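Residue numbers (my numbering), protein chains in the order written: chain Z, 16 to 365; chain E, 16 to 365.
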């Protein structure tokens, strides 16, 4: 709602040159609504999954949804907001349009302290629905606390290597990439540019596998990335099994261990398993009232990334991740409501 | 987000010709954020009050606010949404712009079942920030569960008598008017047109006093309205005392009783007092966890209006009002989350 041109609310911590983490992902505004199971069927949505949709389908889904609550989202953006809420420093790269949802996204991520300069390089072509519309994710929450997502990427889908400034990526100790980006060729090229920039600057690179269907689409690419481009993998059980075509979770853990990449695997109510070159560590979940699970994985990654960039051992980093995830599932929406730094201090983790 | 031109989600009950209630008010999208007390001071806002602001000040306030949650609001619109959630039929009149917040407002109120045809009559003049921007209310919630509101009315401020269709008002048994509307001369004229249309059709007219500062501005007008134009007054303690310049609440109750108008006075955690020509009835509040009080008065009015238009005696109508208020203060946001009709049935009120 504020002009996009001027920085809105840069906190002191965001003004420093060095950043803990730079994330790249789809900037989205989430439209949250409660839904009955039947509605998912009518809209051809698979419960618990994320479906990419075009604008026409987005209009149909929105029209069928109940009253909504709009709140800034996007997987990697949520993770960056969580890092800032822990007192860390984070930057975000993603493309929005010059519209109200873009202004809302910009206001919200900046007001958490994340450094975000909206990427709106002019295209040569005509205005399209993508160039003029910020992405949005329709999140349908059913009574079983599952959420089903239908995402119209809008301007987020137009990220290209030209939008990734190597100097900005180099400011981060860790470069955090959203797996969803691999669905689009120009964004994929942008990710490869970011990986090179991070490594050139001596930083490490993390990839979140995002969604098991997404893993199936990019398995070959990602297995290759795991052979040298990636330092950290974030995944849940389904995603890590899909990556290695494993028949059991145990086999998937064996496979990821062989790669030598540090892997943080969330296991829902059980917590997380960290796979390191020196073995596996099971880190139990932090107890929480489970209201709505959107953002649980994103916020686990906030805590884990904060830990990795602040000298924590992987087990302590995962404990912090579990704490952040517990906060996020205790309310609607995928950005923290409570003061994460205070919660972590109370729990003796900061 | 959906085209405004086509009805989005008219439920069967909204398609009937007769309506229980037709409300007129400012259509607003609320931008909710948590705030420290100090921020209110910095922004020159008085805790607990509603301040009308221009667009420039809205930009400054938004820039200083933390991450927001956007949810449809507006006092009379909330009341209509509550009536629909109880299973009643309601219509709403208010002016929005052809922008994203306007589309969000339209989607949300229609998806509750309220009949709403966006009022966007062309103006002769140039585009202004008012004609192009749907109104929004910045709601700053402090730790003491108080909320402080700063409202940019946008298109809502441009309502004139031309926008009030007497035939639509006549469809309601009860016409519900927002006191805030009296701050603008053309809207005030629109209210007078609605009052005439309702009475011509044999309906009754209710006014909510909205805010004690608003009462001070319009005391003379409203005392005159109470002498024949109004059938029901909604107010809280401060507002009813302001209306009669009373030094005590007791004196204000005496004064309103003398007018012969049915008055439903909310008394916060104590519940409500109904003043009828046959005496006063104290109706205790329904117990609730007090998270955020936005919309408590609006939703009390939902229950009371539903009761009045369904043959309830005033005490039972107030009980239903208290139940609706209890639901709304138990969560952020001023539109119901739980199924009000179910809650009311469980409580033996429906």
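No residue lacks a Cβ here, since even glycine has one placed at the ideal position from N, Cα and C.
Computed from a prediction, not measured in an experiment: that's the story for all the values here.
Please report how far the alpha carbon of residue 206/E lies from the alpha carbon of residue 46/Z, in whole angstroms.
Counting from one through the second chain, the residue named residue 206/E turns up at place 191. Counting from one through the first chain, the residue named residue 46/Z turns up at place 31. When rounded, the distance between both Cα atoms is 34 angstroms.
Would you tell me roughly how many angstroms separate the C-alpha atoms of residue 111/E and residue 168/E, rounded to the nearest one?
For this step, residue 111/E is matched to residue 96 along the second chain. For this step, residue 168/E is matched to residue 153 along the second chain. Cα to Cα, residue 111/E sits roughly 9 angstroms from residue 168/E.
Quick check on residue 185/Z: buried or exposed, where buried means 16 or more other Cβ atoms within 10 Å of its Cβ?
The residue you call residue 185/Z lines up with position 170 of the first chain. So residue 185/Z ends up on the buried side.
By the 10 Å Cβ neighbour count, where 16 or more other Cβ atoms means buried, how is residue 48/E classified, buried or exposed?
Numbered from its first residue, the second chain carries residue 48/E at position 33. Answer is buried; the Cβ neighbour count reaches 16.
How do the region 164 to 181 of chain Z and the region 198 to 215 of chain Z stand: do at least 3 beta-carbon pairs fall below 8 angstroms, yes or no?
yes
Kindly indicate if chain Z contains any beta-carbon less than 8 angstroms away from that of residue 110/E.
By one-based count along the second chain, residue 110/E stands at place 95. Not an interface residue.
Which whole runs of the beta strand (DSSP E) in the region 129 to 202 of chain E are 3 residues long or more, in chain order?
If we require 3 residues or more, the beta strand (DSSP E) runs fully inside the region 129 to 202 of chain E come out as 149 to 156, 162 to 169, 187 to 193.
Kindly indicate which residue of 180/E, 93/E, 140/E has the alpha-carbon position closest to the one of residue 132/E.
The residue labelled residue 132/E in the question sits at position 117 within the second chain. For the residues 180/E, 93/E, 140/E, the minimum Cα distance to residue 132/E belongs to 180/E.
Within the continuous beta strand (DSSP E) that includes residue 65/E, where are the two ends?
What you label residue 65/E is simply residue 50 of the second chain in a count that begins at 1. Per DSSP, residue 65/E belongs to the beta strand (DSSP E) from 65 to 67.
Would residue 114/Z pass as an interface residue toward chain E - the criterion being a Cβ-Cβ separation below 8 angstroms?
For the purposes of this step, residue 114/Z is taken as the residue at position 99 of the first chain. Closer than 8 angstroms: yes.
Do you know offhand how far residue 329/E's Cα is from residue 305/E's?
Here residue 329/E refers to the residue found at position 314 when the second chain is read from its first residue. Here residue 305/E refers to the residue found at position 290 when the second chain is read from its first residue. Whole-angstrom Cα-Cα distance: 25 angstroms.
Helix, strand or coil for residue 2/Z? Go by DSSP, reduced to three states.
Nothing can be reported for residue 2/Z, as the shown portion of chain Z is limited to 16 through 365.
Is the region 218 to 236 of chain Z in contact with the region 248 to 263 of chain Z, if contact means three or more CB pairs nearer than 8 angstroms?
A contact between stretches requires three or more CB pairs, one per stretch, nearer than 8 angstroms, and the region 218 to 236 of chain Z meets this requirement with the region 248 to 263 of chain Z.
Could you name each continuous beta strand (DSSP E) segment of 3 residues or more that falls completely within the region 275 to 343 of chain Z, going from the start of the chain to the end?
Counting only runs of 3 or more, we get 277 to 281, 286 to 291, 294 to 299.
Name the chain E residues whose beta carbon is nearer than 9 angstroms to that of residue 66/Z?
Here the question's residue 66/Z lines up with position 51 in the first chain. Those do not exist, as residue 66/Z stays about 17 angstroms from chain E at its closest Cβ, beyond 9 angstroms.
Would you kindly report the start and end of the unbroken beta strand (DSSP E) that includes residue 51/E?
Taking the first residue of the second chain as 1, we reach residue 51/E at position 36. Segment: none, residue 51/E is in no beta strand (DSSP E) and carries neither H nor E.
Ordered along the chain, which non-local residues of its own chain (more than five positions away) have a Cβ less than 8 angstroms from that of residue 148/Z?
For this step, residue 148/Z is matched to residue 133 along the first chain. Within the same chain, residue 148/Z has close Cβ partners 70, 112, 114, 116, 167, 169, 170.
Does any C-beta atom of chain E lie closer than 8 angstroms to the C-beta of residue 133/Z?
Position 118 of the first chain, counting from 1, holds the residue named residue 133/Z. For residue 133/Z, the answer is no, since every Cβ of chain E falls outside 8 angstroms of its Cβ.
In whole angstroms, what is the alpha-carbon distance linking residue 214/Z and residue 220/Z?
The residue given as residue 214/Z occupies position 199 in the first chain. The residue given as residue 220/Z occupies position 205 in the first chain. For residue 214/Z and residue 220/Z, the distance between alpha carbons rounds to 8 angstroms.
Can you tell me where the alpha helix (DSSP H) holding residue 99/Z begins and where it ends?
Position 84 of the first chain holds residue 99/Z. Run containing residue 99/Z: 90 to 100, per the alpha helix (DSSP H) assignment.
Under 8 angstroms: do the region 46 to 65 of chain Z and the region 272 to 282 of chain Z share three or more Cβ pairs, one atom per stretch?
no
Using 8 angstroms as the limit for Cβ to Cβ distance, is residue 321/Z near chain E?
Numbered from its first residue, the first chain carries residue 321/Z at position 306. By this cut-off, residue 321/Z is not an interface position.
Taking the Cβ atom as the reference point for each residue, do residue 356/Z and residue 91/Z lie within a distance shorter than 8 angstroms?
Numbered from 1 along the first chain, position 341 holds the residue referred to as residue 356/Z. Numbered from 1 along the first chain, position 76 holds the residue referred to as residue 91/Z. No, Cβ-Cβ distance for residue 356/Z and residue 91/Z is not below 8 angstroms.
When you compare each of 275/E, 237/E, 272/E to residue 257/E by their alpha carbons, which one comes out closest?
The count along the second chain starts at 1 and reaches residue 257/E at position 242. Residue 257/E has its Cα closest to that of 237/E, out of 275/E, 237/E, 272/E.
I want to verify the contact list: residues of chain Z whose CB lies under 9 angstroms from the CB of residue 95/E, in sequence order.
As a position in the second chain, residue 95/E is number 80, starting the count at 1. Chain-order list of chain Z residues neighbouring residue 95/E: empty, with the shortest C-beta distance near 12 angstroms, by a criterion of under 9 angstroms.
Examine chain E for any beta-carbon lying closer than 8 angstroms to the beta-carbon of residue 86/Z, and answer yes or no.
By one-based count along the first chain, residue 86/Z stands at place 71. Answer yes: the Cβ-Cβ gap between residue 86/Z and chain E drops below 8 angstroms somewhere.
Determine the chain E residues that contact residue 164/Z at a beta-carbon separation under 8 angstroms, and present them in chain order.
The residue given as residue 164/Z occupies position 149 in the first chain. Here the premise fails: no neighbours, minimum Cβ distance about 16 angstroms.
Can you tell me which of the three DSSP states residue 218/E falls into?
What you label residue 218/E is simply residue 203 of the second chain in a count that begins at 1. It is coil, neither helix nor strand.
List the residues of chain E that residue 350/Z touches, going by C-beta distances under 8 angstroms, in chain order.
Translated into the one-based positions of the first chain, residue 350/Z becomes position 335. Correct list: 82.
Can you grab the Cα-Cα spacing for the pair residue 359/Z / residue 342/Z, in whole Å?
Within the first chain, the letter at position 344 stands for residue 359/Z. Within the first chain, the letter at position 327 stands for residue 342/Z. Answer to the nearest angstrom: the Cα atoms are 11 angstroms apart.
In whole angstroms, give me the CA-to-CA distance for residue 22/E and residue 141/E.
As a first step, residue 22/E is located in the second chain; it is residue number 7 there, counting from the start. As a first step, residue 141/E is located in the second chain; it is residue number 126 there, counting from the start. Annotation note: pLDDT 37 at residue 22/E (below 50); position unreliable, coordinate value reported separately. Cα-Cα distance, rounded: 28 angstroms.
Which of the residues in the region 139 to 171 of chain E, read from start to end, lie with their CB under 7 angstroms from any CB of chain Z?
none
Where does the unbroken beta strand (DSSP E) through residue 35/E begin, and where does it stop?
Counted from its first residue, the second chain places residue 35/E at position 20. That run of the beta strand (DSSP E) goes 34 to 39.
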